[in-house]
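A.B. asks: Take this structure first; my questions come after.
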Amino acid sequence: MSARLEIDRIETSYGATRVLKGVSLDVAPGEFVALLGSSGCGKTTLLRTIAGFLSADAGEIRVGGRDISGEPPDRRGMAMVFQSYALWPHMTVAQNVGYGLRLKKWDRARIDARVNEILAMLKLDGFGHRNVTQLSGGQRQRVALGRALAVEPQVLLLDEPLSNLDARIREDVRHEIKALQKSLGITAIHVTHDREEAMVMADRIVILDAGQIAQVGPPETIYNAPNSPFVAAFMGATNVVRIEAERSGEAIVVAPGAGNRPARLARPGPQGFARGKLVAHFRSEAAELADAGADFADSLMLPGRIVQAAYPGGVWRYSVAVGESQFLVDAPEKRALGDAVAVRVPADALHLYQAGAS
Amino acid sequence: MSAALRWPLRAVLLGLAVFVIFGPLANLLIWSVAEAWFWPNKLPSQWGFRFWEVVFRPTGRAMESLWLSVWIALLTTAASLALSIPAGYALARGRLPWRPVVLLLFLMPQAFPSLPVYINIAQIFFAFDLNGTVPGVVLVHTVHGLVYSVWIATAAFAAIEPELEQAARNMGAGAPRTFFEVTLPLAAPGLVASAIFVFLESLDEFTGSFFVGAPEVRTLPLLLYNAAAGGNIQIASISALILLVPSVAFMLLVERFLKGEVMAKLGR
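Protein chains in written order, with my numbering: chain A, 1 to 358; chain D, 359 to 626.
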């Protein structure tokens, strides 16, 4: 039942504001794609445009090769799980799950059988006659999922379906949804603002920024090789240091700056880079704390002072003041506030971008 | 205030409230079973159900008026629902720029003193031969009832999350089917409440019925007025008591149906 979903230069507006500025995406049959971005980036708009609740100003959406951009929502072969679940309070669990099948004019016995099968699959056996208002958040979420899966949609759309769940249940449901999607082989588009959720669930992640795709790729590529400072920061590399550098063969030589010592990094830097200013992003867990005087090869060293310390569990998280800026660094050892230290960032933990290029 | 004083005061206030509400009702009740009651007697000198029998006599005009009133109220309710369901849905869902103005427009018939309004209506209806006809009275009652039915219907539809409808569209239901299977059932409590209001308003309505309907269309309130004006206090009392029954019954129903959250949407 799963189908290829092609999104071709889609543009969508809310009133006079253009929210999607030409988004193209090709989703293979059975693939799980996460649309990731901060609020207002257009991810929900894209999902609603695919579902047909918003109409695109330009572009095409094709399912299995058929252009559906002009079709009303009820003729798109999609099933959506809403953030609010949108279960009908005047129907029982079984009626909610079976509604799509009733619309397909299945007979009663066949609907009942299918509904029971779905409820069993979602561990909701015996809940069929309950009123949906009597269910817990996690149960409602599963009913909403069951309603969408019952019709065997060509494309499953998930609109932040986990954001209303407790953190503990969320972990389980992530894996349940992923496993179900894989075993049923449904093409799925999942909207989320939760980086970890996208990483864990998706085959491919699409990062949206201001109505455009910033980067598309498998989770490990997005995480390890973000293609822009925006994606780097969004994927957790929030420490930013500006450096002056010059290329020297396959390495770059970093000049001493306001915060950093001179260094030689054994990597070529961004493509086409010869000399000039660079923006370097790194994650707090990818850096280390060294003693103030220590020096390491192939690392950027940022001497500073500890101004804040917290213990989130596992490691200590220090805030280190280096010149004008502050960096967050994780370290296993306990250090005192005010200690003079050097933040060591290994060359391969740095995401380097030419300054000025966004 | 000391506790010793508080209880007697409460008892007095409570007694006063009971007297204000139930005093006139008791008076009606007594009059309805009084076959002879002359001044300066404190109570009737002759009790009996003779006038009840007169009212409920199959050939009696009172029963005829009651059924006519109920029939007009039912037609009025149907007419105002037929208007307020589409109007309320459009006002709740559509992004109408003039929404507050339209809502106020339905309030207009209530905003002006009813006598000049109904005298003018009667004149206009005269040109269309609607005076003294049931459709004419239904029309007047509908205009009067629209303010309730449109406002409440708007609130009832606005209280439904659009995602509930989108979910149905998404499952493959067309727009009409979504409306009848999701929107309408969810709005039903509010719509029933508005229907009850309109029904009761129509049942009670006097001024409009008087100018447009009388003397050909004689509703129960008109009969009551005639009886009272003619000094037939027993018939008037019994009519008033009959009118009271649906009012009380339906008000209890409305209280159950009309949830706070529906009313809260009126302000949106």
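All C-beta atoms, glycine included, are put in the ideal place defined by N, C-alpha and C.
This one's a predicted model, so the numbers in the text were calculated from it and none came from an experiment.
Less than 9 Å between the beta carbons of residue 95 of chain A and residue 159 of chain A, yes or no?
C.D. replies: No.
A.B. asks: From A:189, A:19, A:308 and A:113, pick the residue whose C-alpha is nearest to that of residue 78 of chain A; which is it?
C.D. replies: Checked all of A:189, A:19, A:308 and A:113; the closest Cα to residue 78 of chain A is A:189.
A.B. asks: Per DSSP, what kind of secondary structure is residue 93 of chain A in: helix, strand or coil?
C.D. replies: It is helical.
A.B. asks: Going by DSSP, what residues sit across from residue 288 of chain A in a beta bridge?
C.D. replies: In the DSSP output, where bridge partners are listed per residue, residue 288 of chain A has A:344.
A.B. asks: Any beta carbon of chain D sitting closer than 9 Å to that of residue 90 of chain A?
C.D. replies: True, the Cβ-Cβ gap to chain D drops below 9 Å.
A.B. asks: Give a yes or no on whether the minimum CB-CB distance between residue 527 of chain D and chain A is below 9 Å.
C.D. replies: Interface residue, yes.
A.B. asks: Strictly by DSSP, which residues pair up with residue 404 of chain D?
C.D. replies: Answer by DSSP bridge pairing, in chain order: D:394.
A.B. asks: Using the Cβ count rule (16 or more neighbours within 10 Å means buried), how would you classify residue 131 of chain A?
C.D. replies: So residue 131 of chain A ends up on the exposed side.
A.B. asks: How would you write the range of the alpha helix (DSSP H) that residue 38 of chain A sits in, first residue to last?
C.D. replies: Element bounds for residue 38 of chain A: n/a, residue is neither H nor E.
A.B. asks: Among residues of its own chain, excluding the 5 on either side of residue 314 of chain A, which ones have a beta-carbon nearer than 7 Å to its beta-carbon?
C.D. replies: Taken in chain order, the list of residues that qualify is empty.
A.B. asks: Is residue 370 of chain D helix, strand or coil by DSSP?
C.D. replies: It is helical.
A.B. asks: In chain D, which residues lie less than 9 Å from residue 56 of chain A when you measure between Cβ atoms?
C.D. replies: Going along chain D, no residue has its Cβ under 9 Å from residue 56 of chain A, so there is no contact; the nearest lies around 17 Å.
A.B. asks: At the 9 Å Cβ level, is residue 436 of chain D part of the contact set with chain A, yes or no?
C.D. replies: Not one chain A Cβ lies under 9 Å of residue 436 of chain D.
A.B. asks: Mapping the DSSP letters down to three states, classify residue 519 of chain D as helix, strand or coil.
C.D. replies: Looking at residue 519 of chain D - three-state DSSP - the assignment turns out to be coil, as it is neither helix nor strand.
A.B. asks: Please confirm whether residue 457 of chain D has its beta-carbon closer than 9 Å to some beta-carbon of chain A.
C.D. replies: Taking Cβ atoms only, chain A never reaches closer than 9 Å to residue 457 of chain D, which makes this a no.
A.B. asks: Take residue 499 of chain D as the anchor and find which of D:449, D:436 and D:412 has the nearest alpha-carbon.
C.D. replies: Checked all of D:449, D:436 and D:412; the closest Cα to residue 499 of chain D is D:436.
A.B. asks: For residue 543 of chain D, return the contacting residues in chain A, with the cut-off set at a CB-CB distance below 7 Å.
C.D. replies: Those are 90, listed as they occur along chain A.
A.B. asks: For residue 454 of chain D, which residues in chain A fall below 8 Å Cβ to Cβ?
C.D. replies: Simply none; closest approach about 15 Å.
A.B. asks: Suppose contacts are defined by Cβ-Cβ distances below 9 Å. Is residue 53 of chain A in contact with residue 202 of chain A by that definition?
C.D. replies: Cβ distance not < 9 Å, so residue 53 of chain A and residue 202 of chain A don't count as in contact.
A.B. asks: Grab me the residues of residue 599 of chain D's own chain with a C-beta within less than 8 Å of its C-beta, minus the 5 sequence neighbours each way, in chain order.
C.D. replies: Closer than 8 Å at the Cβ level, and outside the excluded window around residue 599 of chain D, lie 386, 387 and 390.
A.B. asks: What is the rounded straight-line gap between the Cα of residue 625 of chain D and the Cα of residue 554 of chain D?
C.D. replies: Legend: pLDDT at residue 625 of chain D = 45, less than 50; position of this residue unreliable, no value from coordinates given.
A.B. asks: Scan the region 49-77 of chain A for residues whose Cβ lies nearer than 9 Å to a Cβ of chain D and list them as they occur along the chain.
C.D. replies: Taking 9 Å as the Cβ-Cβ cut-off against chain D, the residues of the region 49-77 of chain A that qualify are 51, 52, 53, 72, 73, 74, 75, 76 and 77.
A.B. asks: Quick check: the region 273-293 of chain A against the region 334-345 of chain A, are at least 3 beta-carbon pairs closer than 8 Å?
C.D. replies: At 8 Å Cβ cutoff, the stretches touch.
A.B. asks: With a floor of 4 residues, list each alpha helix (DSSP H) that falls wholly inside the region 441-522 of chain D, ordered by position along the chain.
C.D. replies: Qualifying alpha helix (DSSP H) stretches, in chain order: 457-469, 472-485 and 492-516.
A.B. asks: Given residue 502 of chain D, which residues of its chain have a CB within under 7 Å of its CB, disregarding the five upstream and five downstream residues?
C.D. replies: Excluding residues within five positions, the ones whose Cβ falls inside 7 Å are 467, 559, 563 and 566.
A.B. asks: Ignore the nearest five residues each way along the sequence and tell me which others in residue 235 of chain A's own chain have a CB closer than 7 Å to its CB.
C.D. replies: The answer, listed in chain order, is 195, 222, 223 and 226.
A.B. asks: Determine, for residue 540 of chain D, whether the minimum Cβ-Cβ distance to residues of chain A falls below 9 Å.
C.D. replies: Cβ-Cβ to chain A under 9 Å: yes for residue 540 of chain D.
A.B. asks: Which chain A residues sit within Cβ distance under 8 Å of residue 530 of chain D?
C.D. replies: Under the 8 Å cutoff, chain A gives 74, 75, 100, 103, 104 and 151.
A.B. asks: For residue 60 of chain A, report the span of its beta strand (DSSP E) as first-last.
C.D. replies: Where residue 60 of chain A is concerned, the enclosing beta strand (DSSP E) stretches over 58-63.
A.B. asks: Ignoring anything shorter than 4 residues or poking outside the region 137-207 of chain A, list the alpha helix (DSSP H) runs there in chain order.
C.D. replies: Correct list: 137-150, 167-184 and 195-201.
A.B. asks: Measure the C-alpha to C-alpha separation of residue 358 of chain A and residue 232 of chain A and round it to an integer number of angstroms.
C.D. replies: Legend: pLDDT at residue 358 of chain A = 45, less than 50; position of this residue unreliable, no value from coordinates given.
A.B. asks: In terms of residues, what are the limits of the alpha helix (DSSP H) holding residue 552 of chain D?
C.D. replies: Run containing residue 552 of chain D: 542-562, per the alpha helix (DSSP H) assignment.
A.B. asks: Measuring CA to CA, which of A:48, A:41 and A:269 is closest to residue 156 of chain A?
C.D. replies: Of A:48, A:41 and A:269, the residue nearest in Cα terms is A:48.
A.B. asks: Between residue 597 of chain D and residue 578 of chain D, which are expected to be in contact by the criterion C-beta below 8 Å, what is the C-beta distance as a whole number of angstroms?
C.D. replies: Confirmed, Cβ separation roughly 6 Å.
A.B. asks: Residues of chain A with CB closer than 7 Å to the CB of residue 522 of chain D, please, in chain order.
C.D. replies: Those are 86 and 88, listed as they occur along chain A.
A.B. asks: Nearest to residue 357 of chain D by CA position, among D:373, D:459, D:450 and D:482, is which residue?
C.D. replies: With chain D covering only 359 through 626, there is no way to say anything about residue 357 of chain D.
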